[in-house]
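Asker:
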Amino acid sequence: MYASLWNENALQGIDQLAPFAHPTVRKIIVTGSVEVGQATGRTGGSAHEAHIDGIGRTYPVLVFDDADADAEAAARALAAKTLCNAIQDCISLTRFFIQGAFSTAFSPDWFRLSKR
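Under numbering that gives the first Met the number 0, the residue at position 70 of the sequence shown is numbered 69, and the numbers go up by one with no gaps.
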């Protein structure tokens, strides 16, 4: 039903990837395992300008001490993305690795903004 609303094809199973190689396909969006992402990339990924994979179900955020960013601005952007769709989509941010000094400024802002 959802796929029909957007004129999309929902394929079930790695053995149904042949349509991805067709030249009229403009975009491939895949949610699945690493194996599925690799298979779609081999089948048609190089022929398309857009290929989005939601693989593995967890997206880490890595922020290092030398990040050229304002801690509050980063916290605001990441809090909004983390809570988008109540973490119900395959590209939700689920793990944060914030290094040293940046963490001291980032963490209180992120927690404050996440409570809104």
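Just so it is clear, CB atoms sit at the ideal spot from N, CA and C, and this is done for glycine as well.
If we count the other Cβ atoms within 10 Å of its Cβ and call it buried at 16 or more, is residue 99 buried or exposed?
Answerer: Counting from one through the sequence shown, the residue named residue 99 turns up at place 100. Label assigned to residue 99: exposed.
Asker: For residue 63, which of helix, strand or coil comes out of DSSP?
Answerer: Within the sequence shown, residue 63 is the residue found at index 64, counting from 1. In the structure shown, residue 63 sits in coil (DSSP, three-state: anything other than H, G, I, E or B).
Asker: Using DSSP with H/G/I as helix, E/B as strand and the rest coil, what is residue 111?
Answerer: Mapped onto the sequence shown, residue 111 falls at position 112. Correct three-state label for residue 111: helix.
Asker: Assign residue 29 to one of three DSSP states: helix, strand, or coil.
Answerer: The residue labelled residue 29 in the question sits at position 30 within the sequence shown. Residue 29: strand per DSSP, three-state reduction.
Asker: Measure the Cβ-Cβ separation of residue 113 and residue 78 and say whether it is below 8 Å.
Answerer: The residue you call residue 113 lines up with position 114 of the sequence shown. The residue you call residue 78 lines up with position 79 of the sequence shown. Yes.
Asker: In this structure, how does DSSP classify residue 92 when only helix, strand and coil are distinguished?
Answerer: What you label residue 92 is simply residue 93 of the sequence shown in a count that begins at 1. Correct three-state label for residue 92: strand.
Asker: Suppose you measure from the CA of residue 24 to the CA of residue 102; what does that come to, to the nearest Å?
Answerer: As a position in the sequence shown, residue 24 is number 25, starting the count at 1. As a position in the sequence shown, residue 102 is number 103, starting the count at 1. Those two C-alpha atoms are separated by around 43 Å.
Asker: Report the rounded CA-to-CA distance for residue 16 versus residue 91, giving the unit in angstroms.
Answerer: On the sequence shown, residue 16 is found 17 positions in, with the first residue counted as 1. On the sequence shown, residue 91 is found 92 positions in, with the first residue counted as 1. If I take the Cα positions, the gap works out to 25 Å.
Asker: Considering residue 79, what are the terminal residues of the alpha helix (DSSP H) in which it resides?
Answerer: Taking the sequence shown and counting its residues from 1, the one referred to as residue 79 is at position 80. Its alpha helix (DSSP H) spans residues 70 to 82.
Asker: Once the 5 residues before and after residue 70 are set aside, which same chain residues still bring their CB inside 7 Å of it?
Answerer: Position 71 of the sequence shown, counted from the start, is the residue given in the question as residue 70. Only 101, 104, 105 and 108 meet the Cβ criterion.
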